[in-house]
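Heads up: the structure comes next, in structure tokens.
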Amino acid sequence: MEDLDRRHLIHPLLTGDRTDRCLIVRGKGSTVWDAHGNELLDMTGAGNWLAQVGHGRAELAEVMAEQAGRLPYFSSFFEFSNDKSVQLAKRVTELAPAGLTRVFYTSGGSEGVDTAIKIARLYHHRRGETGRTWIIARQMGYHGSTYGGGTATGFDFVHHGIGPNLPNVEKVSPPFPFHPEMYGGEAPTDFLVRELEETIERIGPGRIAAMIGEPVMGGGGVVAPPSDYWPRVCEVLRRHGILMIADEVVTGWGRTGSWFASAEYGLEPDVVVTAKGITSGYVPLGAVLMRDEIGETLAGEGFFHGYTYFGHATACAVALANIDIIERDGLVRRSSKIGDWLRAGLAPAADLPAVGQVRVEGATVGIELVANKQTREPVPPPVAAGVVDELQRTHGVIARPYGPTVVMAPPFVLTEDEAGRAAEATVKVLSKLNANGQSTS
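So for the sequence shown, our numbering puts the first residue at 7; every next one is plus one.
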């Protein structure tokens, strides 16, 4: 199977110099098995920050089969719809941040970001502000890899060799309290709000449609902003009539300990992009939520944008059942408890020479590795990748490297024993790194 994989598949984010493959063939709870029968503890949420209800949920398979036998799919374009997509829209808006009453479905997060950018521009256009086309995003923010979302993403490697990118997208600095040197001695939020104001003034307030940001930066290494950051940013945006798009593709559906992270971190969005945990990955589905005024503006003249699988009946049926499980089993609260277990288990790592900071937000962990604790200089990305490789090879624990940061985002069914096992293994592997981030073994 590995040979067939190498022969036929182009993997996202995998460079050609890496030839090994790990074929996952089965999963149950927080455990998966590869094609060779090796048992692995999934500390990544199926590799992509999801799997809220865990692997192998028979009840979701039953819902899938029942719906597919009744109506697997029919177009939701024009006047058509289906019962499950309508029921899901109602359920999602009941759980969403206050005021978000309208839903537009996608197949995933990247499509959702592209949709949100179109929504912001079209909303202003139909209200007579046709010059509002600019989008403000942030360095180190991750918003997908399509042309719209990819342009908004703040990592240079995403843009190499594929330009020109989407026009009229401007990046500002990220909130990263662990690296105060980014702000020249100024308080981080003061610096960032001033920079935002200057950026708005330079572009022109009447030319900016929206700002997009994650409540907690995922791809940036699980980075939560200072508590005053989002309230002050949102005040600036409101003052200038600029929409706020919250990218909750990762943080939504309990990942940080709330159904959605926006309110938890003081963010007041006009539009929310969500995906991943809405179905726990059992089928592809995403949703863009928006304020009623925005939805009315789109619906009035029609929104000539959409995807074949908009409101897919089977996907929506699974999402409804998945949300039922999250609610019934108290998995949003459990996300916070998992965070407590991991925070306690990883506490010894904070004193290790190569560990700069251990960050825990709900059931999500970022362990930033440094070459120098005093200057906080990050290690080269291969160091974190090496840690992740050893965790899987030696301890049977799957984590992910994000630049200099080791990231974990397990299913919400992770047990206390499993959390302890993952933390203990991580501390052991990190203990082998010296002050330069090099392995001593």
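For every residue, glycine included, the Cβ atom is placed at its ideal position computed from N, Cα and C.
Since we're looking at a predicted model, the values are computed, not measured.
Note down, in chain order, each residue of its chain lying with its Cβ closer than 8 angstroms to the Cβ of residue 306, except the 5 sequence neighbours on either side. 132
Should residue 289 and residue 320 be called a contact, given that it needs their Cβ atoms to be closer than 8 angstroms? yes
Please confirm whether residue 348 and residue 429 have their CB atoms less than 8 angstroms apart. yes
Compare the Cα-Cα distances from residue 232 to each of 260, 217 and 183 and report the closest residue. 183
Per DSSP, residue 384 forms a beta bridge with which residues? 376
Secondary structure of residue 110, DSSP reduced to three states: strand
Can you say whether residue 253 is buried or exposed, counting buried as having 16 or more other CB atoms within 10 angstroms of its CB? buried
Minimum C-alpha distance to residue 283 - residue among 292, 277 and 422: 292
Does the contact criterion of 3 or more C-beta pairs under 8 angstroms hold for the segment 399–406 versus the segment 40–55? yes
Please classify residue 155 as buried or exposed, where buried requires at least 16 other C-beta atoms within 10 Å of its C-beta. buried
Can you find the residues in the same chain that come closer than 6 angstroms, C-beta to C-beta, to residue 414, ignoring five residues on each side of it along the sequence? 49, 371 and 405
Would you say residue 257 and residue 221 are within 8 angstroms of each other, going by their C-beta atoms? yes
At the level of alpha carbons, what is the spacing between residue 357 and residue 350? 13 angstroms
The segment 149–164 contacting the segment 311–325, beta-carbon criterion three pairs below 8 angstroms: no
Measuring straight from C-alpha to C-alpha, what distance separates residue 390 and residue 338? 29 angstroms
Provide the residue span of the beta strand (DSSP E) that contains residue 209, from first to last. Note, residue 209: premise wrong, no beta strand (DSSP E); alpha helix (DSSP H) at 194–209.
Determine the closest residue to residue 383 out of 398, 366, 373 and 410, with distance taken between C-alpha atoms. 410
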